[in-house]
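What the sequence shown shows, in our numbering, is residues 1 to 589, in sequence order.
Okay, so here's the structure we're looking at.
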Amino acid sequence: MQAPTRSSRVALAALIAALLYLPGLGAPALWEPDEGRYAEVAREMVVSGDYITPRDDLVRYFEKPPLVYWAEAAAIRLFGANEFAVRLPAALFTIGQVAATCLIGEAMFGAAAGFAGALVLALCPLVFAFARFATLDPALAFFLTAAVGAFYLAAERPDFGGGMGRAWMWIASAMLALGTLAKGPVALVLGGAIALTWIVLEGRGREVRRMPLLSCVAEYAVIVAPWFLLAAIRNPGFLSFFFVHEHLERFVSSREHAWGPYFFIPIVVAGTWPWLFFVPLGIHAVRELPEAHQRKNRSALRLLAVWFTLIFVFFSIPRSKLGSYILPALPPIAMVSGLALARLGATNREQRTRLMGRFALLNLAIGAVAIIVLVTIRARIGLTIALDGTAIAVVVAAGAIAAWALAARTNRVGYVFAAIALAMATTSWLGQRARIHSGATISYRDLARQIQPYEGCLLVSYRHFVQALPFYTGRREILVQYWGELAPFARTPDERAGFVGTAAKLRDVWASNRCVVLIANRADLAELSKTLNPAPRIIGCEGKKLALYNQEVSHVAAGCEVREDRNAPAGTTGQLNRRHLDSTRLACS
Numbered sequence: 001m002q003a004p005t006r007s008s009r010v011a012l013a014a015l016i017a018a019l020l021y022l023p024g025l026g027a028p029a030l031w032e033p034d035e036g037r038y039a040e041v042a043r044e045m046v047v048s049g050d051y052i053t054p055r056d057d058l059v060r061y062f063e064k065p066p067l068v069y070w071a072e073a074a075a076i077r078l079f080g081a082n083e084f085a086v087r088l089p090a091a092l093f094t095i096g097q098v099a100a101t102c103l104i105g106e107a108m109f110g111a112a113a114g115f116a117g118a119l120v121l122a123l124c125p126l127v128f129a130f131a132r133f134a135t136l137d138p139a140l141a142f143f144l145t146a147a148v149g150a151f152y153l154a155a156e157r158p159d160f161g162g163g164m165g166r167a168w169m170w171i172a173s174a175m176l177a178l179g180t181l182a183k184g185p186v187a188l189v190l191g192g193a194i195a196l197t198w199i200v201l202e203g204r205g206r207e208v209r210r211m212p213l214l215s216c217v218a219e220y221a222v223i224v225a226p227w228f229l230l231a232a233i234r235n236p237g238f239l240s241f242f243f244v245h246e247h248l249e250r251f252v253s254s255r256e257h258a259w260g261p262y263f264f265i266p267i268v269v270a271g272t273w274p275w276l277f278f279v280p281l282g283i284h285a286v287r288e289l290p291e292a293h294q295r296k297n298r299s300a301l302r303l304l305a306v307w308f309t310l311i312f313v314f315f316s317i318p319r320s321k322l323g324s325y326i327l328p329a330l331p332p333i334a335m336v337s338g339l340a341l342a343r344l345g346a347t348n349r350e351q352r353t354r355l356m357g358r359f360a361l362l363n364l365a366i367g368a369v370a371i372i373v374l375v376t377i378r379a380r381i382g383l384t385i386a387l388d389g390t391a392i393a394v395v396v397a398a399g400a401i402a403a404w405a406l407a408a409r410t411n412r413v414g415y416v417f418a419a420i421a422l423a424m425a426t427t428s429w430l431g432q433r434a435r436i437h438s439g440a441t442i443s444y445r446d447l448a449r450q451i452q453p454y455e456g457c458l459l460v461s462y463r464h465f466v467q468a469l470p471f472y473t474g475r476r477e478i479l480v481q482y483w484g485e486l487a488p489f490a491r492t493p494d495e496r497a498g499f500v501g502t503a504a505k506l507r508d509v510w511a512s513n514r515c516v517v518l519i520a521n522r523a524d525l526a527e528l529s530k531t532l533n534p535a536p537r538i539i540g541c542e543g544k545k546l547a548l549y550n551q552e553v554s555h556v557a558a559g560c561e562v563r564e565d566r567n568a569p570a571g572t573t574g575q576l577n578r579r580h581l582d583s584t585r586l587a588c589s
């Protein structure tokens with residue numbers, strides 16, 4: 001029987017990742033605020049036909065470059081404006097990262113290690129979570145992984161030379177350019193820093209002159225420059241806002257998501273467990289290789305160390321942090337863990353049994369602590385989520401025990417790996433179930449359904465911005481006493497028409513002949529009931545939000561126990577209709 005080829009192994013790793021990430025991708029509602037925001041920007045691109053200037057709620061929005069919006073817009077055109085389409089690019093980028101990890105790991109440590117490393121990455125809890133979440137970081141993670149991998153494959157050639165060496169450098173340059181269009185200059189900064197640091201550590205500085213640097217720079221500029229130039233021409237002030245305000249100032253300030261320098265330590269541990277356990281074994285395995293292989297493998301290990309360390313340190317420096325930022329740093333952990341698992345068969349059964357026994361006991365201890373914590377806080381998080389979390393802890397511990405038992409009874413290391421992988425796949429889906437159960441506190445799809453029958457009315461939000469409502473309703477959301485991230489480019493009359501600056505103007509709008517649906521926090525209901533005339537009627541609610549109405553209705557949702565209107569449109573789609581975007585312009589500036 002013919003052995004699998006490299007391409008078939010890469011394809012199989014991608015297929016397994018697809019089977020993990022794609023089923024049920026559109027089931028959960030869009031989470032606030034990020035998923036709702038990015039979904040609406042992409043939807044408005046499709047509606048307006050303008051793919052140069054991103055807009056959120058009809059206001060220009062330049063916090064991020066457009067590549068992920070383009071991908072989401074393409075998916076919306078193919079599948080409609082729904083959750084599956086919006087999340088599909090993140091899933092595909094993560095599948096691509098898994099495939100790239102397989103290719104890179106195989107080049108570094110061999111076929112078995114590369115394939116195992118790819119599956120480890122696919123089954124890391126943090127990777128699984130963000131593969132099914134509409135955000136920008138999976139794209140950056142894929143392009144950085146592909147860029148560093150292509151650079152390594154070029155570096156394998158003597159003096160970076162030959163046609164294939166140049167080709168891999170051009171691929172690396174293209175990946176950095178696309179990463180820049182996905183998340184900004186951070187892709188170039190990190191990719192360049194990783195490559196340069198490793199070259200210095202390897203003592204290969206003289207070989208830099210043989211790299212096709214000029215052609216790589218030209219290729220990068222050709223890919224990146226057109227959008228930046230067009231956006232700058234159409235939107236004065238864009239370049240200063242994008243590079244200074246959104247990147248330099250965000251890096252040195254703590255204006256949002258402020259956390260301390262140790263934020264990513266628990267994120268990395270929890271986000272890669274239980275695979276992180278095998279990293280020391282993988283490092284030790286390199287030292288045990290035959291002398292002929294040690295130089296290449298140690299060089300690869302240094303690249304992985306530089307790759308992880310630079311990204312970890314870079315994102316730990318600023319106070320502004322999100323858990324997804326660390327995604328590009330996880331492939332090195334996965335590849336070293338994959339090497340350890342591939343080399344596990346080289347140990348004798350007694351050593352394997354002892355190692356996997358420690359693994360099982362550690363996971364049992366972690367599971368026991370997790371269950372105690374979940375039981376303690378069940379009143380705050382809800383019984384269903386507590387039960388889901390308990391099930392996750394039990395399954396991980398059971399998988400570790402099964403791996404221990406198999407290590408003691410068989411020499412087939414693949415069975416040991418399969419036991420852990422099956423447990424992690426199960427826990428990933430249990431985590432998805434917990435996400436759906438927690439959706440009422442962080443998403444407002446049901447609220448959008450409840451107000452859908454009132455589509456001819458103004459949609460107004462009081463002192464906040466429910467990011468997903470424009471996507472779900474296809475209507476502009478007028479913001480009262482709130483500007484947020486939309487403030488910098490809300491300059492034209494049409495853009496400023498989406499904002500109500502004072503409570504007095506809200507009262508005027510509410511008292512007009514136009515029907516108004518007002519979204520407010522439950523805590524604000526008493527205040528609004530005193531100041532608004534006519535008295536607001538509750539027509540819907542979800543989580544901490546209420547939908548209030550300024551007209552007479554035949555049925556009012558007493559006590560917020562709202563019965564879903566059976567005549568409301570089924571499904572979760574936003575409406576791709578320019579009429580909805582244009583008809584809600586409010587002249588109240």
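Think of the CB as a built atom: it goes at the ideal place given N, C-alpha and C, for glycine as much as any other residue.
With 16 as the cutoff for other CB atoms within 10 Å, does residue i come out buried or exposed?
i	result
MET164	exposed
CYS515	exposed
PRO4	exposed
SER324	buried
GLU561	Residue confidence for GLU561 is low, a pLDDT of 49 falling below 50, so the modelled location carries little weight; the figure read from the coordinates is stated next. Flag for GLU561 reads exposed.
ASP494	exposed
ARG449	buried
LEU178	buried
TYR462	buried
ARG475	buried
GLY114	buried
PRO236	exposed
LYS590	The structure shown does not extend to residue 590, since the chain is modelled only from 1 to 589, so the question has no answer here.
LEU248	exposed
ARG433	buried
LEU190	buried
GLU32	buried
Suppose contacts are defined by Cβ-Cβ distances below 7 Å. Is residue i in contact with residue j by that definition?
i	j	result
LEU67	LEU181	yes
LEU339	ALA285	yes
LYS321	PHE263	yes
LEU144	PRO328	yes
LEU548	LEU506	no
ALA112	ALA342	yes
PHE465	TYR482	yes
ALA393	GLY367	yes
SER443	LEU30	yes
LEU214	ILE52	no
ILE76	VAL46	yes
PHE359	PHE241	no
Ignore the nearest five residues each way along the sequence and tell me which others in residue i's own chain have a CB closer than 8 Å to its CB.
i	result
ARG302	TRP198, LEU201 and GLU202
ALA11	ALA99
PHE79	ALA85 and LEU88
Looking at the strands, I want to know which residues DSSP matches up with residue i.
i	result
CYS216	Answer is none; CYS216 lacks a bridge partner.
GLU542	LYS545
ALA379	Answer by DSSP bridge pairing: none, since ALA379 is not bridged.
GLU477	LEU459
ALA521	It is worth fixing the name first, because residue 521 is Asn in this sequence and not Ala. According to DSSP, ASN521 bridges with LYS545.
ASP56	VAL59
VAL313	Answer by DSSP bridge pairing: none, since VAL313 is not bridged.
SER240	Its beta-bridge partners do not exist; DSSP assigns none.
Going by beta carbon distance, what residues of the same chain come within less than 6 Å of residue i, once the five residues before and after it are set aside?
i	result
PHE84	LEU25 and GLY26
LEU364	ALA397
ASP446	GLU542
LEU281	ALA340
LEU188	LEU176 and THR180
VAL413	LEU344 and GLY345
ALA408	THR353
ILE451	VAL517, GLY540 and ALA547
ILE590	The shown model of the chain, from 1 to 589, leaves out residue 590, and the question about it has no answer.
ALA651	Limits of the chain in this structure are 1 at one end and 589 at the other, which puts residue 651 out of reach.
For residue i, which residues in the same chain have their Cβ closer than 7 Å to its Cβ, ignoring the five residues on either side in sequence?
i	result
ARG157	MET164 and GLY165
LEU304	PRO332, MET335 and VAL336
Report yes or no: is there a C-beta of chain D within less than 7 Å of the C-beta of residue i?
i	result
PHE93	Protein chain content of the structure displayed is limited to a single chain, and chain D is not contained in it.
Three CB pairs or more closer than 8 Å across the segment 60-76 and the segment 476-493: yes
Three or more C-beta pairs below 8 Å linking the segment 495-513 and the segment 449-468: yes
Validate contact between the segment 143-156 and the segment 42-61 using beta carbons, cut 8 Å, 3 pairs: no
Cβ pair count under 8 Å reaching 3, the segment 127-138 against the segment 89-109: yes
Touch test, the segment 110-123 against the segment 413-424, Cβ-Cβ under 8 Å, three pairs minimum: yes
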